Amino acid sequence: MRSNRKHTVEELEVYIKAYLSGVSYPQLYKEGVLLLSESTFNQYVLKYQEHGRVALESKKRNNTYSQTFKESNIAEYFEVGTPIKVLVSNYNILNHSTVHNWIIKYTKGEALKAYHPKPGLHAMKSKKFT
């Protein structure tokens, strides 16, 4: 099932293996089989090389990152100079904008909060209709 993705996991894996075996991105794109932009496809390739097929699969819920995880990524970015795209692929973070937003909040001095998906929402009582 594709959900909202342009390719299934199996298709992506075939295209990535072809790319790694020497077929260029323009060849895949011109043949009309690959529907992703080059930068998006390269992100999939990096994640596939780092984590395998698991990195290509759709997630059923939002990722949660602890405050210490966020702080360690920010420290690695500033102290070591690791690029954001490398951090994303190394730690299997879904999107580079996630890390980018952490860095922006850190430089503004805002607190990095751990994400908790509204625990009180499901415990609320339903509205009474008379």
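Residues 1 to 130 in full-length UniProt numbering are what the sequence shown spells out, letter by letter. For every residue, glycine included, the Cβ atom is placed at its ideal position computed from N, Cα and C. As the structure is a prediction and not an experimental result, all values here were calculated from the model.
Look at the alpha carbon of residue i and the alpha carbon of residue j, and state the distance between them as a whole number of angstroms.
{"i": "isoleucine 103", "j": "leucine 56", "result": "25 Å"}
{"i": "histidine 100", "j": "lysine 128", "result": "43 Å"}
{"i": "glutamine 49", "j": "tyrosine 91", "result": "12 Å"}
If you follow the alpha helix (DSSP H) that residue i is part of, which residue opens it and which one closes it?
{"i": "proline 26", "result": "25 to 30"}
{"i": "isoleucine 93", "result": "Counting along the chain, isoleucine 93 falls outside any alpha helix (DSSP H), and DSSP gives it neither H nor E."}
{"i": "asparagine 73", "result": "67 to 75"}
{"i": "leucine 20", "result": "9 to 20"}
{"i": "phenylalanine 41", "result": "38 to 51"}
If I measure Cβ to Cβ from residue i and keep anything under 7 Å in the same chain, skipping five residues before and after, which residues do I get?
{"i": "glutamate 38", "result": "Tyr25"}
For residue i, collect the residues of the same chain with a Cβ closer than 6 Å to its Cβ; drop the 5 residues on either side in sequence, then sort them by chain order.
{"i": "histidine 96", "result": "Ile84, Lys85 and Val88"}
{"i": "leucine 35", "result": "Lys6"}
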